[in-house]
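Below you'll find the structure, written out as structure tokens, and then a few comments.
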Ligand code: SAT
Ligand code: MN
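In the working numbering, the protein residues as written are 52 to 640.
The following block contains the structure:
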């Protein structure tokens, strides 16, 4: 028996499935798994999949989750380093021995009567020096099919593993969906993720957040690279044909997928998609940072997605190219057998069932689609896919944006003075919480680099790791912070966002090319009014002033909040951060 067979055998002895099915990731197999999900497997008495209207939504299938299982469960997610201090205050921690014994108990016989699917896949292009071979075990067709969309799944991965032996293990069972028996456990040193009780994306597609961020960030610390919660886009200046590659970190449900597929409102620019969620970043042979997207799919928030906000995503969802596209927890228009969500184009259909399968009553003021309803679609369906997407070396990065969702005080765009100031700006970023995770307090939470729920080790060490890149190369990109979400005194967004964000991206490129100057503020460098192309928007000089206003009292309070958050990391905090904090304190008294 080889390594993988041995592990699969061990897991089967514990979980006791009826059958073991080795997946090859083929389209033919995906059809078969969908069929099984329609006819055989069930969740909460409902079939796993339902076919949608194949004329208007070719290749689309609907999935309704267990009603308690609609988002990530950060409070049940643990990073199990042997030493608690390695996990840091940013993670839930359990000793690996205790976590293993708990998970062994919960997994004993959990696949009785079910099929165990074995999914061999690569994160990253198989020829990329940065790619990693992985195997996930699961007991639900929804996860097996989703992994075909999100990763490069193929039996050839098994040959690769039998030669280099090193592979990442993901052990997943939906259990009985009992939220009290739901845990997502990470064992970074063993390259193992073990998840029981949830079928939801970030909890169950173990190549995604669990491996490609939590475990990969730990590998990155040891091996000198970064695993980040970032979009990768190329911005083409049509006149010169130059393409500038930019990374952007935003917390979940803050518009990453829309940014990744942005339809430019400025003539002369075009955005190419390389990724909407995860970037692995290495120092390339020429000293520039190079990024790859380890995934091949887009797992995005459906509500709010429309021809107006994200036409390229609407094309991708209906492209009918890569099989299949999944829609989870939206409402359904029962007359047309089409998915529906709040914000979709057109009239609200007359006969809707909501995401829980009940007839929807519009007068009751409830949402028909769950606010975290999702689509899972291949990136190869995207009309904006970059021709560099499959380049094993990745793309060279010109700028990094780190953002959050803040209704006040955070300017639209700010450039850091230098790398270490930029890293500090990213580390102090806060964001209003969203529906992408269950049980978070409403309000602002600090979310450094949008990685708070995803950094697989102590964030004090993470900040130092970011800073360490200064000593490795002098070709680092500029760092910016962004906030598309600032509102006026009536609570209306002041910045149009979506396709108009190109105006900010253009300014960033102009800064990268030293074409424009900037205004210095205590927070960093901001655009001069005349350097922003705002033609065709309602953003007047007055609105510009409000979008970039820095209010002393708000920032005094913000600084206190930042200091309080950072103080948790105590002695692990880099020296540079104390200097930056003192500068903020000095500026806002
Ligand atoms: O469920 S995921 O974690 O993959 C989506 C998200 O919250 O970013
Ligand atoms: Mn995400």
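We treat Cβ as the ideally placed atom computed from N, Cα and C, and that holds for glycine. Here the structure is a predicted model, which is why all the values come from computation and not from measurement.
Considering only residues of the same chain and omitting the five flanking positions on each side of residue i, which have a CB-CB separation below 6 Å?
| i | result |
| --- | --- |
| residue 78 | 374 |
| residue 452 | 299, 531 and 533 |
| residue 489 | 122 and 124 |
| residue 307 | 282, 301 and 327 |
| residue 543 | none |
| residue 443 | 176, 178 and 179 |
| residue 465 | 532, 574, 575 and 577 |
| residue 377 | 112, 114 and 427 |
| residue 140 | 619 |
| residue 448 | 296, 298, 340, 342 and 528 |
| residue 479 | 613 |
State yes or no: is the C-beta of residue i nearer than 6 Å to some heavy atom of ligand 1?
| i | result |
| --- | --- |
| residue 303 | yes |
| residue 487 | yes |
| residue 350 | yes |
| residue 252 | yes |
| residue 123 | yes |
| residue 260 | yes |
With residue i and residue j assumed to form a contact (beta carbons below 8 Å), what rounded beta-carbon distance in angstroms separates them?
| i | j | result |
| --- | --- | --- |
| residue 195 | residue 74 | 6 Å |
| residue 577 | residue 462 | 6 Å |
| residue 439 | residue 325 | 7 Å |
| residue 429 | residue 347 | 6 Å |
| residue 206 | residue 58 | About 16 Å; that fails the 8 Å criterion. |
| residue 181 | residue 333 | 6 Å |
| residue 536 | residue 456 | 5 Å |
Kindly indicate which three-state DSSP category residue i falls into: helix, strand or coil?
| i | result |
| --- | --- |
| residue 414 | helix |
| residue 302 | coil |
| residue 136 | helix |
| residue 308 | helix |
| residue 255 | helix |
| residue 395 | coil |
| residue 97 | strand |
| residue 532 | strand |
| residue 557 | helix |
| residue 91 | coil |
| residue 460 | coil |
| residue 185 | strand |
| residue 288 | strand |
| residue 468 | coil |
| residue 57 | helix |
| residue 262 | helix |
| residue 314 | coil |
| residue 583 | coil |
| residue 611 | helix |
| residue 645 | Outside the displayed range of the chain (52 to 640) lies residue 645, so it cannot be described from this structure. |
| residue 82 | helix |
| residue 237 | strand |
| residue 348 | strand |
| residue 199 | helix |
| residue 385 | coil |
| residue 330 | strand |
In whole angstroms, what is the alpha-carbon distance linking residue i and residue j?
| i | j | result |
| --- | --- | --- |
| residue 232 | residue 122 | 16 Å |
| residue 81 | residue 445 | 29 Å |
| residue 71 | residue 169 | 7 Å |
| residue 435 | residue 65 | 45 Å |
| residue 162 | residue 69 | 7 Å |
| residue 481 | residue 515 | 19 Å |
| residue 117 | residue 84 | 19 Å |
| residue 409 | residue 393 | 16 Å |
| residue 54 | residue 216 | 7 Å |
| residue 621 | residue 174 | 34 Å |
| residue 592 | residue 97 | 55 Å |
| residue 391 | residue 383 | 5 Å |
| residue 524 | residue 297 | 18 Å |
| residue 421 | residue 380 | 6 Å |
Grab me the residues of residue i's own chain with a C-beta within less than 7 Å of its C-beta, minus the 5 sequence neighbours each way, in chain order.
| i | result |
| --- | --- |
| residue 198 | 170, 172, 187, 204, 256 and 258 |
| residue 120 | 228, 249, 250 and 251 |
| residue 604 | none |
| residue 609 | 460 |
| residue 11 | The structure shown does not extend to residue 11, since the chain is modelled only from 52 to 640, so the question has no answer here. |
| residue 493 | 484 |
| residue 159 | 65 |
| residue 317 | 553, 554, 557 and 584 |
| residue 636 | 610 |
| residue 599 | 462, 463 and 577 |
Please indicate yes or no: does the CB of residue i lie closer than 6 Å to some heavy atom of ligand 2?
| i | result |
| --- | --- |
| residue 663 | Any question about residue 663 goes unanswered here, given that the chain covers just 52 to 640. |
So, for residue i: in the same chain, excluding its five sequence neighbours on each side, which residues have a beta-carbon less than 8 Å away from its beta-carbon?
| i | result |
| --- | --- |
| residue 130 | 138, 142, 143, 144, 237, 239, 265, 507 and 508 |
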